[in-house]
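Reading through the structure tokens given below for one structure.
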């Protein structure tokens, strides 16, 4: 009986895998131990091996597709064997999906009733002819789409399987995309600067002259009709707005004379209304005396009406004092709009989810930093790299978390995970937003080691060279704005962490020591907690431990 191959669970956190590349096709002979495909998990790209000997009878997953764990991927059996029984046994009453490479001719005739595909070949037929469909890969665990930052090849260029086709901007960094195919670049589906959903077609590679319309016909075409339909509506609205209405004279009579009508563009009317300008006093410069924006902006109130009114007053009546003239100032509403970057989209999505899902509360404490400042000076006199106050805070946080595992935890819905390791995420500002690389096992590292690692992460973050392994797996996060002179602030928890520490600047303030007021150096720390896993007393005890470590930093070296 044929054997069904399912998506294996390749890591403890894996829920689905992306089929990066098939190394075999329908009809190929395989042996136990042969690599069937490359699967991209949430951690790495791994080889999927066969545990059976036989012939590949069925492939149900296209390259670039996401497949849930235990979902059917392929069937191996004897050549010519009917594999449908095996599929039906796995799917139960559910009818097996249409075979990707063995569609009978009868089914092909039925498909003729469907919309025509331009007379081209289907994607399955193209794959058999050596054509590879390049799809937008899943380059990080939070990625839903990528922006093509640069194409390194153009249609008609020859490419090899190790050539870099394009640079893709994800929510975290700009990364290279390789085609893993040899041939000619037949089609580019996404222009430079445009976004493509994960698994969406971005290019096609194959033998020169191959017809790829069978694949492209399935995509949704842009909808210029909607725009063209809107254009006449807008024009109609503009025409309606430009219909002139009869004006009423000062004596209350209404005239039908065309000269009494005011011809003005909608924009000119709006500006005139905002500025309180009477359109009857404005001379139009456009065709037929129509008033436009330029006429309103250049209009200067005339004193003629005022003089006429004064002349009509009785001779014996004393002229009233002229009203103060408010000078006219013409301003311009001006702004620019920029598309939202991938990084900013994910920051918005993840932080909104955290803030509106996790019940936040905050605790603030003041730290006497006199001893820490003296210790830092002494350490930097002998350390191979300069140690910052942030490095000292990271080390102290890691040591304190070992004593308060409840703060080093995360909410899992029906369970709480208490982490025994301390992976400290360090929030770093970059041009497009915020990245949080992780200092792993920080409690066991020296201050010099932490300093060197944070500096390396900072350089990679600014150059957009951080990889997924650099920012995954944090158990607690530190965010420091002290270098900007911020006294104290609150942060949104970096899910799935259970807490985040906000670090303010060291301020020189008067403090009381031994009954006397003396100059002191004080730094404020604010702990943001997820109330589902951290209670107020638990967070307060953690801050007390952290305060003791920072005020007596020699304990960090013990």
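In UniProt numbering, the protein residues as written are 1 to 558.
For glycine and all other residues, C-beta sits at the position ideal for the given N, C-alpha and C.
Legend entry - Unbroken stretches of the beta strand (DSSP E), 3 residues or longer, contained in the UniProt domain "Lipoyl-binding" (2-77): Fully enclosed beta strand (DSSP E) runs of 3 or longer: 3-6, 16-22, 35-40, 45-49, 54-59, 66-68 and 72-77.
Legend entry - Close Cβ partners of residue 474 (< 8 Å) along its chain, the five nearest in sequence each way excluded: On the chain shown, position 474 is the one that residue 474 refers to. Closer than 8 Å at the Cβ level, and outside the excluded window around residue 474, lie 423, 424, 425, 436, 438, 494 and 497.
Legend entry - Cα-Cα separation, residue 433 to residue 171: Reading the chain shown from its first residue, position 433 is the one you call residue 433. Reading the chain shown from its first residue, position 171 is the one you call residue 171. Residue 433 and residue 171: Cα-Cα distance of roughly 10 Å.
Inset, instruction - Give the straight-line distance between the Cα atoms of residue 560 and residue 504, rounded to the nearest whole angstrom. - result: The question about residue 560 has no answer, for the chain in this structure spans 1 to 558.
Legend entry - Helix, strand or coil at residue 328 according to DSSP, with G and I counted as helix: Within the chain shown, the letter at position 328 stands for residue 328. In the three-state reduction of the DSSP assignment, residue 328 falls in the coil class, being assigned neither a helical nor a strand state.
Inset, instruction - Check residue 178 in the structure and name its three-state DSSP category. - result: Here residue 178 is taken as the residue at index 178 of the chain shown, counted from 1. The answer is strand: DSSP assigns residue 178 an E or B state.
Legend entry - Distance, residue 169 Cα to residue 429 Cα: For this step, residue 429 is matched to residue 429 along the chain shown. For this step, residue 169 is matched to residue 169 along the chain shown. Approximately 17 Å between the Cα atoms of the pair.
Legend entry - Distance CB(residue 58)-CB(residue 75) smaller than 8 Å: The residue labelled residue 58 in the question sits at position 58 within the chain shown. The residue labelled residue 75 in the question sits at position 75 within the chain shown. Cβ atoms of residue 58 and residue 75: closer than 8 Å.
Legend entry - Nearest to residue 364 (by Cα), restricted to the options 543, 29, 555 and 24: Working through the chain shown from its first residue, we reach residue 364 at position 364. Checked all of 543, 29, 555 and 24; the closest Cα to residue 364 is 543.
Inset, instruction - Decide yes or no for the touch test of the segment 446-463 against the segment 375-387: beta carbon pairs closer than 8 Å, at least 3 of them. - result: By the Cβ criterion, the segment 446-463 is in contact with the segment 375-387, since at least three pairs of Cβ atoms, one from each stretch, lie closer than 8 Å.
Legend entry - Range of the contiguous beta strand (DSSP E) that encloses residue 508: If you number the chain shown from 1, residue 508 lands on position 508. In this chain, the beta strand (DSSP E) harbouring residue 508 covers 499-513.
Legend entry - residue 299 to residue 334 span [Cα, whole Å]: On the chain shown, position 299 is the one that residue 299 refers to. On the chain shown, position 334 is the one that residue 334 refers to. So the two alpha carbons sit approximately 21 Å from each other.
Legend entry - Nearest residue (CA-CA) to residue 89, options 72, 79 and 78: For the purposes of this step, residue 89 is taken as residue 89 along the chain shown, with counting starting at 1. Residue 72 is the option with its Cα nearest to residue 89.
Inset, instruction - List the DSSP bridge partners of residue 341. - result: As a working note, residue 341 is residue 341 in the chain shown. DSSP output for residue 341 lists no bridge partner at all.
Legend entry - Helix, strand or coil at residue 135 [DSSP, three-state]: Position 135 of the chain shown, counted from the first residue, corresponds to residue 135. In this structure, DSSP gives residue 135 an extended state, which the three-state scheme calls strand.
Inset, instruction - With a 10 Å radius around its C-beta and 16 neighbouring C-beta atoms as the bar for buried, classify residue 453 as buried or exposed. - result: The residue given as residue 453 occupies position 453 in the chain shown. Under the 10 Å beta carbon count, residue 453 is surrounded by 16 or more other beta carbons and is classified as buried.
Legend entry - Inter-residue spacing [alpha-carbon to alpha-carbon] between residue 362 and residue 413: As a working note, residue 362 is residue 362 in the chain shown. As a working note, residue 413 is residue 413 in the chain shown. Going by the C-alpha atoms only, they are around 22 Å apart.
Legend entry - Burial state of residue 192, where buried means 16 or more other Cβ atoms lie within 10 Å: Sequence index remark: in the chain shown, residue 192 carries index 192 (1-based). Here residue 192 is exposed: its Cβ has fewer than 16 other Cβ atoms, across all protein chains shown, within 10 Å.
Legend entry - beta strand (DSSP E) runs contained entirely in the segment 336-404, provided each spans 3 or more residues: Along the length of the segment 336-404, whole beta strand (DSSP E) runs at least 3 residues long occupy 360-368, reported in chain order.
Legend entry - Residue interval of the beta strand (DSSP E) (run including residue 150): Here the question's residue 150 lines up with position 150 in the chain shown. Per DSSP, residue 150 belongs to the beta strand (DSSP E) from 145-151.
Inset, instruction - Indicate whether the contact test is met: 3 or more Cβ pairs, each with one atom in the segment 454-464 and one in the segment 405-420, closer than 8 Å. - result: As far as the Cβ criterion goes, the segment 454-464 does not touch the segment 405-420, which means the pair count is below three.
Legend entry - Separation of residue 552 from residue 371, as counted between CA atoms: On the chain shown, residue 371 is found 371 positions in, with the first residue counted as 1. On the chain shown, residue 552 is found 552 positions in, with the first residue counted as 1. Looking at the two C-alpha atoms, the distance is approximately 6 Å.
Inset, instruction - May I have the straight-line CA-CA distance separating residue 189 from residue 134, to the nearest angstrom? - result: Taking the chain shown and counting its residues from 1, the one referred to as residue 189 is at position 189. Taking the chain shown and counting its residues from 1, the one referred to as residue 134 is at position 134. Note on geometry: alpha-carbon atoms of residue 189 and residue 134 lie some 10 Å from one another.
Inset, instruction - Could you check the C-alpha separation between residue 32 and residue 25 for me, to the nearest Å? - result: If you number the chain shown from 1, residue 32 lands on position 32. If you number the chain shown from 1, residue 25 lands on position 25. Straight-line Cα distance between these residues: approximately 16 Å.
Inset, instruction - Please list, in chain order, all residues of the same chain as residue 288 whose beta carbon is under 7 Å from its beta carbon, the five residues on each side excluded. - result: Translated into positions along the chain shown, residue 288 becomes position 288. So the qualifying residues of the chain are 263.
Inset, instruction - Measure the alpha-carbon distance for residue 556 versus residue 492 and round it to whole angstroms. - result: The residue given as residue 556 occupies position 556 in the chain shown. The residue given as residue 492 occupies position 492 in the chain shown. For the pair residue 556 and residue 492, the Cα-to-Cα distance works out to about 28 Å.
Legend entry - Alpha-carbon spacing of residue 342 relative to residue 367, whole angstroms: As a working mapping, residue 342 is identified with position 342 in the chain shown. As a working mapping, residue 367 is identified with position 367 in the chain shown. Between the alpha carbons of residue 342 and residue 367 lies a gap of roughly 38 Å.
Legend entry - Residue range of the alpha helix (DSSP H) that includes residue 187: In the chain shown, the residue the question calls residue 187 occupies position 187. Where residue 187 is concerned, there is no enclosing alpha helix (DSSP H), although the beta strand (DSSP E) it sits in stretches over 183-188.
Inset, instruction - Output the boundary residues of the beta strand (DSSP E) element that contains residue 518. - result: Position 518 of the chain shown holds residue 518. Counting along the chain, residue 518 sits inside the beta strand (DSSP E) bounded by residues 516-530.
Inset, instruction - Quick one: give me the first and last residue of the alpha helix (DSSP H) that residue 213 is part of. - result: For this step, residue 213 is matched to residue 213 along the chain shown. Residue 213 -> alpha helix (DSSP H) spans 213-216.
Legend entry - Inter-residue CB distance, residue 210 and residue 186 (contact presumed, cutoff 8 Å): Within the chain shown, the letter at position 210 stands for residue 210. Within the chain shown, the letter at position 186 stands for residue 186. 6 Å between Cβ atoms; contact.
Legend entry - Alpha-carbon spacing of residue 351 relative to residue 403, whole angstroms: Working through the chain shown from its first residue, we reach residue 351 at position 351. Working through the chain shown from its first residue, we reach residue 403 at position 403. Rounded to whole angstroms, residue 351 to residue 403 spans 28 Å at the Cα level.
Legend entry - Buried or exposed by the 16-neighbour rule on C-beta atoms within 10 Å, applied to residue 7: In the chain shown, counting from the first residue as 1, residue 7 sits at position 7. Residue 7 is buried by the Cβ-count criterion.
Inset, instruction - Compute the distance between the beta-carbons of residue 407 and residue 515, then report whether it is under 8 Å. - result: Here residue 407 refers to the residue found at position 407 of the chain shown. Here residue 515 refers to the residue found at position 515 of the chain shown. In this structure, residue 407 keeps its C-beta atom at 8 Å or more from the C-beta atom of residue 515.
Inset, instruction - State buried or exposed for residue 40, treating a residue as buried only when at least 16 other CB atoms are found within 10 Å of its CB. - result: What you label residue 40 is simply residue 40 of the chain shown in a count that begins at 1. Around the Cβ of residue 40, a 10 Å sphere holds 16 or more other Cβ atoms; the residue is buried.
Legend entry - Through-space distance from residue 328 to residue 142, alpha-carbon basis: The sequence position of residue 142 within the chain shown is 142, counting from 1. The sequence position of residue 328 within the chain shown is 328, counting from 1. The alpha-carbon atoms of residue 142 and residue 328 are separated by roughly 53 Å.
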